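Below is one structure; the comments refer to it alone.
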Amino acid sequence: MSNQPFFSTKTTRILLPILVSLVSFLAYLNTLHHQFVFDDFRVITNNPYIKDWQYFPTLFNHDYFKISGELSYRPLVTASYFTDYAIWGLNSFGFHLTNLILHTLNTFIVYLLLFKITRRFNLTVISCLFFSVHPILTETVNSVGFREDLLCATFFLFTLFFYVKLYISKYKKICCVASLLAYFFSLLSKEMAISLPLIIFVLDWFLLQSNRVIVHPRPNPPPSRGREPDNLAIPVHQNDVVHFGGGQKSLKNVPYVGAENLQPLPVKTRILRYYPGFILISIGYMLLRLVFFKSTIEHVAYPGNSLVTNFLTMTKVIASYIKLWFFPIVLNPDYHVTFETTPIKLPFLISLALLVCITFLAVRLYRRQKEITFSILWIFVTLIPVMNIIPIGNIMAERYLYLPSFGFCLFAGILILKIHARVPKAYHPLVKTCFAAIFILSLAHTIRHNRIWFDKQTLWYYTVFNTSCSFNAHNNLGKEYYEKGLLDKAIEEYTIALSKASEVRYAYPIAHYNLGIAYDEKGMYDASIQEYRNALRIEPKNSDTHNNLAITLFKNGQVDLAIEEFRKAITQDPDNPTYHDNLAKLYYRINMPNEAKAEQDLANRLKH
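Residue numbering for the sequence shown follows my numbering, beginning at 5 and increasing consecutively.
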């Protein structure tokens, strides 16, 4: 077994953090020319509130949900949109530049944090390279509307960095405050950060107490000539003990393995001293979200309204995530997840077997390979908030893997180094070549997949040819066809969307609404009226649907019903001038000038 390092020169070790971050930047450089896609239109393009600073104070009161376009309380994300718009207007270049800078910064922090907690240079470099170019991260970096995952990861990683730093810093109080503040900012970016206190415990238990470094009797030991920093030998006391990868060994003839005195307090002492701050912030955040800033959106139910179905389905989803990390060949911006209702089906059994094997591996290696156990636990702990324990609207998405990917990349780095250490020295070039090939293929796939996010048309054309795409993809492609005047193709896509939605028992009012518009455009008024009514059965308070239904009813000669629907639209949204204007036009058409004038005057007042 050889311990020959992958990287050796001192200059390389200094430059690599910058170079790895630069690789991350270059991998996503082509995103700067991309247009807005996906949720970008809802939270940026069609969101008038981020375009006026007078609305900025509402980020900190309950009007946030009315002005932000967000469905959860994420004020830091919305504040970043305010800033981007103030600088760039609706130029998508600036928004994508911010995303790119955040991902590059995250890669740099990953490097610093990994080296801080492992003290292994080769492992840090390899793991960080995986993180910088892994294709699974493309959705998060490419879509401005998913910036919350980038910001959450930034402050999440900063929290851990300062937490580890406080053990070796003279300014422990400053590091502690910085860590707590970063945690709070991470929560205000995305609720996924709630898993951080548990990650800190896992970090304390598995790595910080097992990577103990011995203090040299001299404060600044001189380097030995002709040796690399990782191989410096220094005298130690025979009674001292050091931990390597979780195994306890005598220090007789053991080389010095680090440059810092990282001697953390016992876990119990750390829990009493540092954990209360994180717990208090977590409780305060939960109160903030559940009491003061509770979203007004309708309650999201479990798949099939069943806890059992939820467990079976999420088991399959988690196994799919693991497959995507290892084989990110076919990626999908919007997954179609069918519900699992029985444990005797093959997809569930295969998924369960995979998860059992991973659990066995983590337990088996608990004492001998704590870094592997830590990496596995990182993945599953950071996935807890998106495991649908508390129901969420979208049960599977690649953006959920941005933060958990830290754990996978650490695992991949450990695996590469284990293989490198165990093969004969003659095969080391082959191992390095394989790693280089994996890296280059990942980089090429990331750059190629970035192009799919160039604009909404390219994105949805690509997606609908993916067999695992959801009903949303077909609905969105239908909108693209409609805007081009291809009504038959639009109707076909809307119909497929409704069919796929029915497979997961999802009532899909927007597809009925869009189908009603397409039928109206074709002059198929009866079909249009039926689709609008289907949409209203699901969303009876949707004022736009009432308005459109009224227009189609009038075209179909059903004047009284049209007036009734306009009145319903006005009841739902009395301050919308369009509805009053449309009703005024109807009254003019049926020779009711007094009623028409009253509605027109009201519409004019509302416009001003």
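Even for Gly, the Cβ is constructed at its ideal location relative to N, Cα and C. Since the structure is predicted, the reported quantities are computational estimates derived from the model, not experimental observations.
Considering only the alpha carbon of each residue, which of the options lies closest to residue i?
i    : options                   : result
F415 : L20, E375, F297 and Y431  : E375
I383 : R46, N479, W329 and F97   : W329
F160 : I203, D67, E496 and I388  : I203
I285 : L200, L30, H453 and G397  : L200
N560 : R541, D605, I533 and P581 : I533
Y370 : L311, P544 and F210       : F210
N309 : K272, P337, Y592 and P395 : P395
S474 : V206, C438 and Y339       : Y339
L311 : I393, Y187 and Y278       : I393
I442 : I333, A401 and A430       : I333
L419 : D43, T128 and N34         : T128
T158 : R46, M196 and F570        : M196
F69  : R293, F162, Y306 and Q576 : R293
S379 : L207, C438 and I287       : L207
A600 : Y592, L606 and V427       : Y592
D577 : E603, A602, L565 and K545 : K545
H66  : L381, V295 and I322       : V295
T313 : K349, P280, L75 and C438  : K349
P52  : S76, N552, G93 and L30    : G93
Y289 : Y279, P433, K194 and I354 : K194
S446 : N126, F331 and A505       : F331
A90  : F439, Q58 and D548        : Q58
D4   : N552, L75 and F86         : Outside the displayed span of the chain (5 to 612) sits residue 4, for which this structure offers no information.
G281 : K177, I354 and H432       : K177
S190 : A366, H612 and F162       : F162
Residue range of the alpha helix (DSSP H) that residue i falls in?
i    : result
P52  : First-last for P52: undefined, no H or E at that position.
N608 : P597 to K611
M318 : L311 to F330
W464 : K460 to V468
P513 : P513 to E525
T587 : Note that residue 587 is Leu in the sequence shown, not Thr. Here the alpha helix (DSSP H) through L587 covers P581 to R593.
V114 : S96 to T122
L353 : L350 to R368
T62  : Run containing T62: none; DSSP gives neither H nor E here.
V129 : F125 to V137
G411 : S409 to R426
I567 : V563 to Q576
T345 : T345 -> no alpha helix (DSSP H), and no H or E assigned at all.
K436 : H432 to N454
R541 : Y529 to I542
D492 : L491 to E507
Y187 : K176 to S193
Any idea which residues DSSP pairs residue i with across the strands?
i    : result
C473 : Y339
Throw me the rounded Cβ distance for the residue i and residue j pair, which I believe falls under 8 Å.
i    : j    : result
V24  : L133 : 6 Å
E344 : T386 : At roughly 23 Å, the Cβ-Cβ gap does not stay under 8 Å, so E344 and T386 are not in contact.
T142 : T450 : 6 Å
H107 : Y32  : 6 Å
V351 : K320 : The question names Val, yet the displayed sequence has Pro at residue 351. Yes, they are in contact, since the Cβ atoms of P351 and K320 sit about 5 Å apart, within 8 Å.
L192 : R78  : 7 Å
V114 : F410 : 6 Å
P389 : I198 : 6 Å
L170 : C180 : 5 Å
F150 : T144 : 5 Å
H550 : E535 : At roughly 14 Å, the Cβ-Cβ gap does not stay under 8 Å, so H550 and E535 are not in contact.
L491 : K460 : Contact doesn't hold; Cβ gap of about 19 Å is too wide.
F166 : A186 : 6 Å
Going by the beta-carbon positions, is the gap between residue i and residue j smaller than 8 Å?
i    : j    : result
L82  : I54  : Note that residue 82 corresponds to Thr in the displayed sequence, not to Leu. A contact, by the Cβ cut-off of 8 Å.
T111 : S183 : no
L405 : Y325 : yes
N586 : I555 : yes
I121 : L20  : no
N479 : E507 : no
Y38  : F458 : Note that residue 38 is His in the sequence shown, not Tyr. Closer than 8 Å, so yes.
G482 : A511 : no
G520 : I130 : no
N598 : S472 : no
W464 : A448 : no
S84  : T62  : no
Y583 : I594 : no
A522 : A494 : yes
D153 : R403 : yes
V360 : I399 : no
P581 : A607 : yes
Please indicate yes or no: does the CB of residue i lie closer than 7 Å to some heavy atom of the ligand SAM?
i    : result
L185 : Annotation note on the ligand SAM: not contained in the displayed structure, which lists no ligands.
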